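S.K.: If you want this note's numbering, it's the position in the sequence shown, counting the first as 1, plus 169.
Ideal placement from N, C-alpha and C gives every residue a C-beta, glycine not left out.
Keep in mind it's a predicted model, so treat the numbers as computed, not measured.
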Amino acid sequence: MERVTAIAALAAALSPGNLGHLRAMLPEIVPVPLPPIVAYEVLLQSHLFFGFAQAIEAAKVFAEVVGVNGSFMPADETSNEERQRRGRELCERIYYPNLERLVSNLGKVSPELTEWMVVDGYCKVLSRPGPTALEREIASIVFLAISGHQVQLHSHVRGARNLGGTPDLIRSALGAGVLSREQMDAVESKVEQVFRK
Numbered sequence: 170m171e172r173v174t175a176i177a178a179l180a181a182a183l184s185p186g187n188l189g190h191l192r193a194m195l196p197e198i199v200p201v202p203l204p205p206i207v208a209y210e211v212l213l214q215s216h217l218f219f220g221f222a223q224a225i226e227a228a229k230v231f232a233e234v235v236g237v238n239g240s241f242m243p244a245d246e247t248s249n250e251e252r253q254r255r256g257r258e259l260c261e262r263i264y265y266p267n268l269e270r271l272v273s274n275l276g277k278v279s280p281e282l283t284e285w286m287v288v289d290g291y292c293k294v295l296s297r298p299g300p301t302a303l304e305r306e307i308a309s310i311v312f313l314a315i316s317g318h319q320v321q322l323h324s325h326v327r328g329a330r331n332l333g334g335t336p337d338l339i340r341s342a343l344g345a346g347v348l349s350r351e352q353m354d355a356v357e358s359k360v361e362q363v364f365r366k
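Shown next, in the form of structure tokens:
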């Protein structure tokens, strides 16, 4: 299994109701093709989409199966300023050229969620070491396809494109039975829309 395909499969297994599947699949993907740090980071990322309760239960399974002695976790000595810079830069790359419009529109609905999206989502989680930015976008696509958030799914397919992803990469990563037919159709529709432009 290729690394990006393993990330997509892990992202699906982190969704609610799949803890048994997560427990069974972790030994198949960690440490090869996914180093423990990469798998752990995708688990942390999942809380942005499925909430803390689900991520905590998944973390318990991860600790049981993979272990959490900390040996695979590099010390994070990143300053808050550097974390902010990296997160904002990543956010700009993913949402280009629509970040200002997104922030403005979301700010009208909820200034708090706008700030949390950037600070908590991009600065604290998505810009951390481990998976590449493109690998994280593949995980985000899976999370959003499963949760059915079509507008955000479109944005993250575009983000994958902005980071160098191709339709073939997205299709191959998700094509291994990771998503239901309906979910895969939704992704395929977004891929066609984004890459047609």
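Could you check whether the region 298 to 306 touches the region 208 to 216, counting it as contact only if at least three pairs of C-beta atoms, one from each stretch, sit closer than 8 Å?
M.R.: Touching, per the Cβ criterion.
S.K.: Under three-state DSSP, which class holds S184?
M.R.: In the structure shown, S184 sits in coil (DSSP, three-state: anything other than H, G, I, E or B).
S.K.: Please tell me whether I307 and A355 are closer than 8 Å, where the distance is taken between their beta carbons.
M.R.: No, the Cβ-Cβ distance between I307 and A355 is not below 8 Å.
S.K.: Identify whether A355 lies in helix, strand or coil by the three-state DSSP scheme.
M.R.: Of the three classes helix, strand and coil, the one that applies to A355 here is helix, per DSSP.
S.K.: Nearest CA to the CA of G220: which residue from V278, S248, F312 and E233?
M.R.: The shortest Cα separation from G220 among V278, S248, F312 and E233 belongs to F312.
S.K.: Take L338 as the anchor and find which of V201, S324, V360 and R350 has the nearest alpha-carbon.
M.R.: Comparing Cα-Cα distances from L338 to each of V201, S324, V360 and R350, the minimum goes to V360.
S.K.: Of all the alpha helix (DSSP H) runs that stay within the bounds of the region 216 to 278, which reach a length of 4 or more residues?
M.R.: Complete alpha helix (DSSP H) runs here, min 4: 249 to 264 and 268 to 278.
S.K.: Within its chain, find whatever has a CB closer than 7 Å to the CB of A329; leave out the 5 residues flanking it on each side and keep chain order.
M.R.: Here the set comprises L303, E306, I307, I310 and I339.
S.K.: Assuming A175 and L203 are in contact, meaning their beta carbons sit under 8 Å apart, how far apart are those beta carbons, in whole angstroms?
M.R.: With a Cβ gap of about 5 Å, A175 and L203 count as contacting.
S.K.: In angstroms with no decimal places, state the Cα-to-Cα distance between E258 and V287.
M.R.: About 10 Å.
S.K.: Could you spell out where the alpha helix (DSSP H) holding G290 opens and where it closes?
M.R.: Looking at the DSSP string, G290 is not in any alpha helix (DSSP H), and its letter there is neither H nor E.
S.K.: Output needed for H190: all residues of its chain with C-beta closer than 7 Å, excluding positions within five of it in sequence on either side, in chain order.
M.R.: So the list reads A182, once near-sequence residues are dropped.
S.K.: In whole angstroms, give me the CA-to-CA distance for Q362 and E284.
M.R.: Cα-Cα distance, rounded: 28 Å.
S.K.: Which residue marks the beginning of the alpha helix (DSSP H) containing R327, and which one marks its end?
M.R.: Looking at the DSSP string, the run of the alpha helix (DSSP H) that includes R327 is Q319 to N331.
S.K.: So what does DSSP say about V199, is it helix, strand or coil?
M.R.: DSSP places V199 in coil when its eight states are reduced to three.
S.K.: I believe Y209 touches F231 by the beta-carbon criterion, under 8 Å. Please report the beta-carbon distance rounded to the nearest angstrom.
M.R.: Correct: roughly 7 Å between the Cβ atoms.
S.K.: Throw me the rounded Cβ distance for the V237 and V199 pair, which I believe falls under 8 Å.
M.R.: About 12 Å; that fails the 8 Å criterion.
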